[in-house]
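Quick mapping for you: the protein sequence lines, in order, are chains A and B.
Under my numbering, the first sequence has 208 at position 212, and the numbering climbs by one with no breaks.
Under my numbering, the second sequence has 456 at position 460, and the numbering climbs by one with no breaks.
Glycine included, C-beta positions come from ideal geometry on N, C-alpha and C.
Read the structure below first, then the notes.
Protein chains: 2
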Amino acid sequence: MASAAAIHHKAAELGKLAVEMTTAAGSGHPSSALSLAHIATHLMYQQMRWDPADPWHPTADRLVLSEGHAIPIIYAAYADLGGAIGKTKAAAQTLTVAELNELRARDSMLDGHPNPAEGFPFFDAATGSLGMGLSVAAGLALAARFDKSDRRIYCVVGDGESREGQIWEAADFIVDHKLTSICAIFNANGEGQADIVSEQQAPQRLVEKLTAFGWNVVDIDGHDPDAIAKAFDGFPAEDRPLAIVARTLKGWGAEPLRGGNWHGKPAPKDKLEETFASLDQSVAAFPEEKLTRPKSPEAPTTPDRSDPCSVEWPAFADAMAAAGLGDSLEKGKLATRRAYGAALKAAGELLPQVVVLDGDVSNSTFANMFAKAHPERFFECKIAEQNMISAAAGMARAGFIPFASSFAKFLSRGCDQIELANISRANLKLCGSHAGISLAADGPSQMGLTDVAFFASYATVRADDRESPLCWFFHPADAVAAYHLTRQMCLLNGMCYMRTHRPDVPLLYAPDTTFEPGGFHVLNSGDNLAIVASGYMVHPAKQAVAELGKQQIRATLIDAYTLPIDGERLAEALTRAGGRALVVEDNYGGGVGSVVAEIAARHGGIRVETLRCQRIPKSTRSADEILDYCGVGVNNIADQALALIKRPG
Amino acid sequence: MASAAAIHHKAAELGKLAVEMTTAAGSGHPSSALSLAHIATHLMYQQMRWDPADPWHPTADRLVLSEGHAIPIIYAAYADLGGAIGKTKAAAQTLTVAELNELRARDSMLDGHPNPAEGFPFFDAATGSLGMGLSVAAGLALAARFDKSDRRIYCVVGDGESREGQIWEAADFIVDHKLTSICAIFNANGEGQADIVSEQQAPQRLVEKLTAFGWNVVDIDGHDPDAIAKAFDGFPAEDRPLAIVARTLKGWGAEPLRGGNWHGKPAPKDKLEETFASLDQSVAAFPEEKLTRPKSPEAPTTPDRSDPCSVEWPAFADAMAAAGLGDSLEKGKLATRRAYGAALKAAGELLPQVVVLDGDVSNSTFANMFAKAHPERFFECKIAEQNMISAAAGMARAGFIPFASSFAKFLSRGCDQIELANISRANLKLCGSHAGISLAADGPSQMGLTDVAFFASYATVRADDRESPLCWFFHPADAVAAYHLTRQMCLLNGMCYMRTHRPDVPLLYAPDTTFEPGGFHVLNSGDNLAIVASGYMVHPAKQAVAELGKQQIRATLIDAYTLPIDGERLAEALTRAGGRALVVEDNYGGGVGSVVAEIAARHGGIRVETLRCQRIPKSTRSADEILDYCGVGVNNIADQALALIKRPG
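So, in structure tokens, the structure goes:
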């Protein structure tokens, strides 16, 4: 164990680097970094079992810096220890102290907040939007338990940050799942951005809250090396996770950077010397001593993984029968959400790395089919979607394929968490059930109406680590499509979102139909116009096509089950269908209608109209009624199709 | 005070109605409703000071049913008391017991979850997506304090629901702001949807947590009328809000509906008789007694409001000078976020009902200009955006004009809360600062990239209570636009979202330029193509137009500062500009590019391409660098414009 004096001197040395690099960058958070100087030093030089030359080591202890803006102190220690940086292990270089001054530069791997994808593999997931780190830590800890690794997960949370409800969702989840390998350190420096931290986040209050949430809690001076070291005595305990509430000073040791106005501000160049002198002075009373090297990680274990592309998937009917859906299948009607559940169950049998998380609605999403078959890989997150999504992202970053499901509506609580998962390039699979309006009776508080716009937005951007969008959007119209698209979600590397629906719907497809990312299916051919639909809306659109047929209108029917969609091929199909397209959707704007319009407006010569949910829905007793109420029922579609055909030009 | 026997009998009577109406509807939550039978009876017949004939009464006590699915018991009591229903007071009718069986029907005002906009004015805001009610209650309590009304706010929260982090954000906020007129009742029936409630939400744990959060806490049997009545002794206290943890039974009194499988399931018709008999039996031991009528509300006070349309707004330069921005103005460069702050300050002086909420970033959003001028109307929400948005929605429903601001990125934590505010038709104003990528150095965890798609989705749907979209989207390119659009946000009834940016930008507009909802401005005219931009992107687009000019390319430049946008007029402008448009955006897809494409694809004869953020951003030290990195810099725009002009067809 290192002496307190050695920690003090290292803390001051790293503090100077943190101050210097932020001044060089012209922005950043030196004062927050300084409040963590001793804690970061203890963790990275003493406590954590890891190898700076191999931050990818699969059983090394991990740090999640939930208060991401404090990162300069981590960069400083990492460079001092000669840590490896790079987007891949093959391309690894050693971070030098000189490179610290490239902080936040375009060509630097040292982003303003933790961002492993840019080449800082010490972290697993991006943080910086506050309140998410403890959930990520939970995901990493769950993954480690599965991989039979005893790696420990340290998570640093800001005191102001602990106002975010997600922190308390994570605190509950960690206790529920006995993730005792987690140590959360609350950095209580008492100063926020705009003002001081509320009394509700004062150290004593945090101690009381964490105790009430069932954690072991230690309350220490976060600049006392001996107190810090002692706080970890007995960690990990068998029964409870550990929380350390560390009382710290924002701008510790650097008098010129103390006080409320220094949040997120680098020291001016002309104050650097004075700041360095102040830091030196703050540790001058301690004899200069060297720190020992960090501990080594445990020997790696062999995680249990299979290649999703090389396993043999059961035929659709067999998968349904195995999930007890044989009877429904015979009747020819099956909800997409049920087929999703059956597909998950099959995936679980083929791929040991598939895990499923759900938020107390697994008997609605049908994730419970997986839970029954593979209870050890099902994680009940209860009613706390933000934590569910970030924890799933953590598991993804540890090499699992997590499926997280809830109502589409409730996943919209986690938009910011989904964004951070995307920045982390997490291989996360999301399924939103009860999407759109077809659930009818429960009313608008349960209906996902903006999910298509949100996920379609990601579908417009290409991920630079692979040949795919930031997120695939899948929208199955029947059980066959839902089954095969769930399989695709396993095969694809990267985020995927699938939208399922409540009602049982007739089967549209032969069991072995192919569903390709980017593809679509033509269900009927006609040259008067094309009706483009997806998901539940394919069914009323099909009825409308039949109605139009009675009036001698020949309509093409396209099932646009994926975004992004092959624009060239779609433009061709629409041109063949007379160059007029009506898109129908059970959501608000920004979805398939917008995508088809963009394709048409780029291609030229194709007219597009969109019929979408035209008002805020309410409760009705049937899907037909709510479709009609929102202006997207069978008659609305047929009428709009006729109007489009009659339009001049 | 009523006798326990009278409460018991009323609880059973209401319970029978709750069971009957859900069976008639074919869906709903009788078992959850029954767990609240005594609490609802006590609140609505005894505790609350209100007049069933006038639920709009401005000083009546209010109930927020955060666990919205338990609503049948409220409907039952309301009908029994002859409560008024209707979308307006003028159109009020009395709800009859017979009408209860229309629950969830298309033409019924009795939605599946609390939905005042459909005609159930007993509630202020829609609930049903869990975890939001306590924040709404906080907003109502803040509003009441302002209006000098001593109305009390009761809020019922489910035990499983209290897993949502937002509940704890609200718990902190209520203590911070000493909202002691709030009583939160935690309905601890121990049964969730998919499974039993976690031990983390067990009654004793809830008591410990609430105590640690600084609440007065009472732990009672929620089916004991005397215990319920006694729990309110001393409420409201002067120092702390009151929490009642009520131990209840899901399916209380109705043996056929007891047990874990009865969540969200109505009794089958053939079990009704048995269920009614069981409820009768459960109270048979108590003598039959009548309940007294509810208490009357306090006499109304006169809230302080001004008509936003009739006040005289200061000229732009005066407003900027009043906010201390005169110097910047003289230099000709000013960030839109600063102008927003100055406009808020001016609005505060003109309109007593304007209030501002911010999440510890008011010195970044510049909401602090309002805070300094009107501290009593500024509410610091700390780092908890979900609570901020729902509390603001509560204030809006109480007649205030709340502006809630944070980084655009962090508002995306509240997408579900924004949706519920929309269902509530809340006159909520949101401002997301540091939108897009121009903030550069802090990196992607701070950048709003999906906000445009999300809010543009609402802009496609018309609110049926007014001639406007569900949400106006405003995207000012300079300080003049930001000032006038903030003013528009005050004038418009309904939700508005404004996107501001970090960098100082040159002024583009004369101080008295008009900015209309639905409008756009043509900043340059040319007939080779149109470049359409908004917000920060107008500036690089302007530079690109100048570059193109050097190559004899005549480009029209359009500032599309609002969505929805006048499609007819825009199509005309694009046609005049040669029928080719390049839209440039600093966000992911689904934004202005999609909207312009939809207009073009509907109109015909206009080709549209969109240049948008093409990859996940990282830190760079300047806005120019990050624009270039993401493929939307000046050169990218000019190159893409040339390519578009050269494209055949």
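DSSP lists no bridge partner for B:ARG236. The count of Cβ pairs closer than 8 Å, one atom from the stretch 420 to 440 of chain B and one from the stretch 436 to 445 of chain A, stays below three, leaving the stretches out of contact. In chain order, LEU445, TYR584, GLY585, ARG608, CYS609, GLN610, ARG611, ILE612 make up the part of chain B whose C-beta sits under 9 Å from the C-beta of A:VAL457.
With a threshold of 8 Å between beta carbons, B:ASN359 makes contact with chain A.
Taking 8 Å as the cut-off, the Cβ atoms of A:THR55 and A:SER145 count as close. At least 8 Å separates the CB of B:ALA331 from every CB of chain A. Nearest to A:ALA475 by C-alpha distance, out of A:ARG102, A:ALA596, A:PHE312, is A:PHE312.
When secondary structure is reduced to three states using DSSP, B:LEU347 falls in the coil class, being assigned neither helix nor strand. Around A:GLU157, the same chain offers SER62, GLU63, LEU126, GLY127, ILE163 as residues with beta carbons nearer than 8 Å, after the five sequence neighbours per side are excluded. Contact between the stretch 210 to 224 of chain B and the stretch 625 to 638 of chain A is absent, with fewer than three C-beta pairs closer than 8 Å.
By the criterion of at least three beta-carbon pairs nearer than 8 Å, the stretch 543 to 563 of chain A is in contact with the stretch 454 to 468 of chain A.
Judged by DSSP in its simplified three-state form, A:GLY444 adopts strand. Counting of Cβ neighbours within 10 angstroms places B:THR361 among the buried residues, the total reaching 16 or more.
Classified as exposed, A:ASN257 has fewer than 16 neighbouring CB atoms from the shown chains inside 10 Å of its CB. Cβ-Cβ separation between A:SER429 and A:ALA404: approximately 7 Å, consistent with a contact (criterion under 8 Å). A direct Cα-to-Cα measurement between A:VAL630 and A:ASP523 gives close to 20 Å.
Among the residues facing chain A, B:CYS151 is not included, as its CB has no counterpart in that chain under 8 Å away.
Comparing C-alpha distances from B:GLY124 to each of B:ASP412, B:ASP168, B:ARG603 shows the shortest one belongs to B:ASP412. The shortest CA-to-CA distance from B:ARG334 to any of B:ALA319, B:LYS327, B:THR616, B:ILE192 is the one to B:ALA319. Around the beta carbon of B:THR271, 16 or more other beta carbons lie within 10 angstroms, which makes this residue buried. If you draw a 10 Å sphere on the C-beta of A:TRP52, you find fewer than 16 other C-beta atoms in it, and that means exposed. Under the 10 Å beta carbon count, A:VAL580 is surrounded by 16 or more other beta carbons and is classified as buried. Cβ contact annotation for B:VAL15 (same chain, cutoff 6 Å, sequence separation greater than five): PRO26, ALA263, THR271, in chain order. As the crow flies, the alpha-carbon of B:ASN212 is around 14 Å from that of B:TYR150. In terms of Cβ geometry, B:THR482 and B:ALA567 do not form a close pair [threshold 8 Å]. The beta carbons of B:GLY337 and B:GLU381 sit no closer together than 8 Å. Comparing C-alpha distances from B:ASP103 to each of A:LEU544, A:ASP624, A:ILE641 shows the shortest one belongs to A:ASP624. Membership of B:SER386 in the alpha helix (DSSP H) is indicated by the continuous run 381 to 393. Listed along chain A are SER590, ALA593, GLU594, ALA596, ALA597, ARG598, each with a C-beta nearer than 8 Å to that of B:ALA593.
In summary, the residues of the stretch 163 to 178 of chain B whose CB is separated from some CB of chain A by less than 9 Å are ILE163, TRP164, GLU165, ALA166, ALA167, ASP168, PHE169, VAL171, ASP172, in the order they occur in the chain. Ranked by Cα distance from A:LEU570, the options A:GLY585, A:ARG462, A:TYR584, A:ILE554 are led by A:ILE554. Under the Cβ distance rule, B:ARG393 does not count among the residues neighbouring chain A, no pair being separated by less than 8 Å. Of the candidates A:ILE549, A:VAL592, A:TYR479, A:GLY355, the residue whose Cα lies closest to the Cα of A:LEU325 is A:TYR479. Of the candidates B:GLY154, B:ALA7, B:VAL153, B:ALA7 places its Cα closest to the Cα of B:GLY249.
If you draw a straight line from the Cα of B:ALA121 to the Cα of B:ALA459, it comes to about 16 Å. In the pairwise beta carbon analysis, the stretch 133 to 143 of chain B is classified as not touching the stretch 86 to 100 of chain B: fewer than three pairs are separated by under 8 Å.
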